[in-house]
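Single-structure report; data block below.
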Amino acid sequence: MMSAIPLPEGKGKGELSPIEGYTKDYKEAKQTEKNQEPTENMKLVLQWVNTVEATDEQNITESDILASIDTASTSSTNYYGQEAFKHFQPKLFKLLTGIIPREVHLSVVGRMKGGGNNRVAEDDTEVRAVFRTCRWPSPEKSDPEIMDNYAILTELSRVGLKVPIVIAYDSTPWNSMSVPFMLLERLPGFRLEDIYGSLTLKQKERVARLVAEQLNIFDTIRNGKMGRIQGAQDCIPVKRTFQPEIPKDFKMITLDFVTGRQHKLHVKPSRSIYTVMRRMFNNWISIIKKGDIFKDNAESLQEIYLHLFEELRAILEVMKLRGFFEGQEGNIALHHPDFFARNIIIGASCRRPDILDFQIEGVIDWDEALYLPEVLRCSPCSWLWELAGPQVTNLPAWEEYYGDSDELPSGRFDFRLNPDERKIKTAYDEVLSQTKRDFMYKVENVWIRRLWKFALSGVYLSNEHDVNRFTRFLENWAVYVKATRHRFNDPNASRYVKISPELAQQIRKHIKVKSTKDDTTTKESA
Numbered sequence: 079m080m081s082a083i084p085l086p087e088g089k090g091k092g093e094l095s096p097i098e099g100y101t102k103d104y105k106e107a108k109q110t111e112k113n114q115e116p117t118e119n120m121k122l123v124l125q126w127v128n129t130v131e132a133t134d135e136q137n138i139t140e141s142d143i144l145a146s147i148d149t150a151s152t153s154s155t156n157y158y159g160q161e162a163f164k165h166f167q168p169k170l171f172k173l174l175t176g177i178i179p180r181e182v183h184l185s186v187v188g189r190m191k192g193g194g195n196n197r198v199a200e201d202d203t204e205v206r207a208v209f210r211t212c213r214w215p216s217p218e219k220s221d222p223e224i225m226d227n228y229a230i231l232t233e234l235s236r237v238g239l240k241v242p243i244v245i246a247y248d249s250t251p252w253n254s255m256s257v258p259f260m261l262l263e264r265l266p267g268f269r270l271e272d273i274y275g276s277l278t279l280k281q282k283e284r285v286a287r288l289v290a291e292q293l294n295i296f297d298t299i300r301n302g303k304m305g306r307i308q309g310a311q312d313c314i315p316v317k318r319t320f321q322p323e324i325p326k327d328f329k330m331i332t333l334d335f336v337t338g339r340q341h342k343l344h345v346k347p348s349r350s351i352y353t354v355m356r357r358m359f360n361n362w363i364s365i366i367k368k369g370d371i372f373k374d375n376a377e378s379l380q381e382i383y384l385h386l387f388e389e390l391r392a393i394l395e396v397m398k399l400r401g402f403f404e405g406q407e408g409n410i411a412l413h414h415p416d417f418f419a420r421n422i423i424i425g426a427s428c429r430r431p432d433i434l435d436f437q438i439e440g441v442i443d444w445d446e447a448l449y450l451p452e453v454l455r456c457s458p459c460s461w462l463w464e465l466a467g468p469q470v471t472n473l474p475a476w477e478e479y480y481g482d483s484d485e486l487p488s489g490r491f492d493f494r495l496n497p498d499e500r501k502i503k504t505a506y507d508e509v510l511s512q513t514k515r516d517f518m519y520k521v522e523n524v525w526i527r528r529l530w531k532f533a534l535s536g537v538y539l540s541n542e543h544d545v546n547r548f549t550r551f552l553e554n555w556a557v558y559v560k561a562t563r564h565r566f567n568d569p570n571a572s573r574y575v576k577i578s579p580e581l582a583q584q585i586r587k588h589i590k591v592k593s594t595k596d597d598t599t600t601k602e603s604a
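Have a look at this one:
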């Protein structure tokens, strides 16, 4: 999987490379000291790492590597309050020298962009790898998320998807880093997010086709039930190092959905989307009625939350009366819930504007992979044609729809796109079947997905983004129902509500109080 660094040009067989020579001299000097521990001891490696030069920025071309390993990561150090990379680096070097085979010569460890939940580093050897660890490890003896990630990536690789290969992992904190970690082979190329804006129109059309092809590939990985993908934990070892073969009793399972964060309730499985969503809303309402999740202003908060979720459940019933869920049960397949440009690795040849044969080299960040029916996994990848900035509405696309294609107004593809953006969208659509395009763009299906996200993840009044999404959802739903109620004889199929001014004021008041408390806490901790 990993191989030794080739001998530098002009180096004869048996000769040491410069870095090997420095290491040899350093070890020999240390060996002369009285009662010196064996050279393999990790303390010696930890001292030796300080002689390794920092990453040479002149030689770094990958856009996702940050400025310098000697500069503290703003995101990790300041935002998350965690140790600077210059302190993190020696621990990582020590760990890697302990798990990498002797024939692999580790020369440089640099830093890469991490996500909201992960810290990421790379070893700059001939075979590059990515080191990944959780920002907030599990307090348990072993971190199940590490084993889940290993299992998911191993399974997806086994079925032919281009994903990072796991070289080694440890789900326990019993290592030099004192945190669970994963070491993965680094996919070649660039994050699409970092280079997409600089591509030519023809190249963007090429990317749109490739992204659509990926969705078609995901559709071929079927499953019998919807739920979250996980490795069967009794079949996944707590740690694993440089063993390319899959464990003999390796097995994947599909977990039932769960509602709630601190107080979790399992959702009884069903192939019916309507049934699963109703059970989810019932769970949320049960958690709210129990009441012990509320601390300050408990009674008023409980009343607000109860009203919100009862309204969402009522809208679900209206959708059922209108026939939204008819014929939606089949075709359960793989879904990547974060399938955006930041998690797509594109071939490096795309840097040349005349190159149009580059490929997607892989897709990363499969932590929350799901099996879902087609209607729930068919949000269009409109970030392909909406990513560039202000549109006809004069609002940046990202601000307007929170990165969620289903939040855009129903006429979004008719009036807002300029000619170039239409070409990108056309290239994307041409790769997809008419059936899949119906799942993406048909207004009833968009409404199902918008409601599904509340059923799955809830609404949190402490999150202004959540509140804005919820209020916009009710406003849009009222407009839609009034415009289409003439199609239905049943008055219950035309039910809608508006948030009363009193309720809206209570919600905003809660957000303001929450924000003030957070600001006070931040100042006190600072």
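In the working numbering, the protein residues as written are 79 to 604. Where is the CB? At the ideal position from N, CA and C, for every residue including glycine.
On the DSSP bridge assignment, give the partners of A447 in chain order. DSSP output for A447 lists no bridge partner at all.
Pick helix, strand or coil for K587, following the three-state DSSP scheme. K587 falls in the helix class under three-state DSSP.
Give the range of the beta strand (DSSP E) segment to which E522 is assigned. Unbroken run through E522 is the alpha helix (DSSP H), V521 to S535; no beta strand (DSSP E).
Could you name the residues of the same chain whose beta carbon sits closer than 7 Å to that of I299, not counting the 5 residues immediately before and after it, in chain order? The beta carbon of I299 lies closer than 7 Å to those of V237, A411 and L412 in the same chain, with the five residues before and after it left out.
From V509, A505 and Y352, residue whose alpha carbon lies closest to that of R527: The candidate whose alpha carbon is nearest that of R527 is Y352.
For T513, is the classification buried or exposed, using 16 other Cβ atoms within 10 angstroms of its Cβ as the cut-off for buried? Answer is exposed; the Cβ neighbour count stays below 16.
Which residue from V241, T332 and L288 puts its Cα closest to that of G302? Cα-wise, what sits closest to G302 is T332.
Nearest to M355 (by Cα), restricted to the options Q380, F566 and L394: Here the closest residue by C-alpha is L394.
With 16 other CB atoms within 10 Å as the buried threshold, where does E283 fall? That one is buried.
DSSP state of A417 mapped onto helix, strand, coil: Reading off the sequence, residue 417 comes out as Phe, not Ala. Three-state DSSP puts F417 in coil, outside helix and strand.
To which residues of the same chain is K346 closer than 8 Å at the C-beta, ignoring the five residues directly before and after it? Excluding sequence neighbours, K346 sits near D334 and R357.
List the endpoints of the continuous beta strand (DSSP E) containing M330. Start and end: M330 to L333.
Take S141 and list the residues in its own chain whose beta-carbon comes closer than 8 Å to its own, dropping the five residues that flank it on each side. For S141, the predicted structure reports a pLDDT of 31, less than 50, and the residue's modelled location is therefore unreliable. A value from the coordinates is still provided. Within the same chain, S141 has close Cβ partners F268, R269, D272 and I273.
Is the separation between the beta-carbon of S439 and that of L265 shorter than 7 Å? The amino acid occupying residue 439 in the given sequence is Glu; Ser does not appear at that position. The answer is yes: Cβ separation under 7 Å.
So, with DSSP's three-state summary, where would you put E407? Secondary structure at E407: coil, using DSSP grouped into helix, strand and coil.
What first and last residue would you give for the alpha helix (DSSP H) that runs through I295? It spans L279 to D297 - the alpha helix (DSSP H) in which I295 sits, taken as one unbroken run.
Inter-stretch contact (C-beta, 8 Å, three-pair minimum) for the region 288-298 and the region 496-516: Verdict: yes, contact present.
is_contact[L239, chain D] using C-beta, thresh 7 Å: Looking at the structure shown, chain D is missing, and only one protein chain is on hand.
Please classify I245 as buried or exposed, where buried requires at least 16 other C-beta atoms within 10 Å of its C-beta. With 16 or more Cβ atoms within 10 Å of its Cβ, I245 is classed as buried.
Test item: CB-CB of G309 and M225 under 7 Å: Yes, they are a contact pair.
Proximity to S483 [Cα-Cα], best of N496, D498 and W525: Cα-wise, what sits closest to S483 is W525.
With a threshold of 16 other CB atoms inside 10 Å of the CB of K560, please say whether the residue is buried or exposed. Exposed, by the Cβ-count rule.
Return helix, strand or coil for L412, following the three-state DSSP convention. Of the three classes helix, strand and coil, the one that applies to L412 here is strand, per DSSP.
For E377, count neighbouring Cβ atoms within 10 angstroms of its own Cβ and tell me buried if that reaches 16, exposed if not. The Cβ neighbour count for E377, taken over all protein chains shown within 10 Å, is under 16; the residue is labelled exposed.
If you draw a straight line from the alpha carbon of H341 to that of L239, how long is it in whole angstroms? About 35 Å.
Can you tell me where the alpha helix (DSSP H) with V575 in it begins and where it stops? Segment: none, V575 is in no alpha helix (DSSP H) and carries neither H nor E.
Opening and closing residue of the alpha helix (DSSP H) in which D272 lies: The continuous alpha helix (DSSP H) containing D272 extends over residues L270 to I273.
Under three-state DSSP, which class holds D482? Looking at D482 - three-state DSSP - the assignment turns out to be coil, as it is neither helix nor strand.
Just mark K219 as buried or exposed, buried being the case when its beta carbon has 16 or more other beta carbons within 10 Å. Sixteen is the threshold: since fewer than 16 other Cβ atoms of the shown chains lie within 10 Å of the Cβ of K219, the residue is exposed.
Among residues of its own chain, excluding the 5 on either side of Q584, which ones have a beta-carbon nearer than 7 Å to its beta-carbon? Hits under 7 Å: S378 and I382.
Does the region 414-428 touch the region 554-574, meaning 3 or more C-beta pairs lie closer than 8 Å? With a cut-off of 8 Å, the region 414-428 and the region 554-574 do not count as touching, because too few Cβ pairs lie within range.
If I follow the unbroken beta strand (DSSP E) through R318, where does it start and stop? Boundaries of the beta strand (DSSP E) harbouring R318: K317 to T319, taken from the DSSP string.
Going by CA-CA distance only, name the one from L343, L390, L234 and R349 that's closest to V537. The candidate whose alpha carbon is nearest that of V537 is L390.
Given that a residue counts as buried once 16 or more other Cβ atoms are within 10 Å of its Cβ, and exposed if not, what is P458? Classification of P458: buried, given that the 10 Å Cβ count is 16 or more.
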